[in-house]
Structures are given as C-alpha cells and as structure tokens.
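Q:
In my numbering, the protein residues as written are 143 to 251.
1. Rounding to the nearest angstrom, what Cα-Cα distance links residue 214 and residue 205 in this structure?
2. Looking at the structure shown, is residue 182 part of a helix, part of a strand, or coil, going by DSSP?
3. For residue 222, count the other beta carbons within 10 Å of its own beta carbon; 16 or more makes it buried, fewer makes it exposed. Which is it?
4. What's the call for residue 247, buried or exposed, on a 16-neighbour Cβ count within 10 Å?
5. Is it buried or exposed, residue 207, if we count other Cβ atoms within 10 angstroms and call 16 or more buried?
6. Residue ranges of each beta strand (DSSP E) run of no fewer than 3 residues wholly in the region 191 to 233, ordered along the chain?
7. Does the Cβ-Cβ distance between residue 189 and residue 164 come in under 8 Å?
8. Judging by CA-CA distance, which residue of 218, 249, 225, 243 is the nearest neighbour of residue 235?
9. Out of 162, 158, 177, 180, which one is the CA nearest neighbour of residue 170?
10. Got a sec? Which residues, its chain only, sit under 8 Å from residue 177 by beta carbon, not counting five neighbours each side?
11. When DSSP labels each residue in this structure, what does residue 165 get in the three-state scheme?
Following this line, the structure appears as structure tokens:
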C-alpha cells in the first residue's frame, strides 16, 4: 500500500524533474522504485542508469540533478544522497504520519 502511494507522489515528480532538467521524460511506469539497501540512508531508491540517454549526463550527475530538483519541489522528500547512480531518497515524517492516519481511517492497520 505505501509503495503505491509513494509511487503516486514520486513518479510524476521524477517525470517533471527530467522534463525540466533534460527536456525529456521517462514513462512513469518505467521509473523503478525499490527499498533503499540497509547500509545506505534512505527510504526509497531510484536507479537512474536506464535514463542516462534521456539526461545525456553521467549516472552520478543525473542522480544528483534529479535529487536536487525533488528536494526543492516535493514536500515529501526530506533529503537525498547519491551512490554511483543510485538516488536514495529520505521521505519526511509528515508523509509517514499522513500515511498512518489514512491507514487508520480506512481500518487497514
């Protein structure tokens, strides 16, 4: 459930970031979100390697630019870090609070 909700927030934001920064946007379904590996800080990770042709930049430059854009434009993104072309995103507490409130309201938890 939370992954669907997070995807609904982040996928369009990533598309907008690509369009703004690189004048090309990946299809929303092609943007892969995965849990961040435990040895790195973050809640969700985006592998930018599939999108390097769109950006025309290297993996670290692409991930850094997208991360900076998301951190400025998306309230749910608290901060980010880049590890070799993987964009690790830390989601802010307000998102998680809202998620839990919705889950309780819908009697999911």
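Note that CB positions come from ideal geometry on N, CA and C, so glycine has one too.
A: In short:
1. 14 Å
2. coil
3. buried
4. exposed
5. buried
6. 219 to 225, 228 to 233
7. no
8. 218
9. 158
10. 185, 186, 187
11. coil
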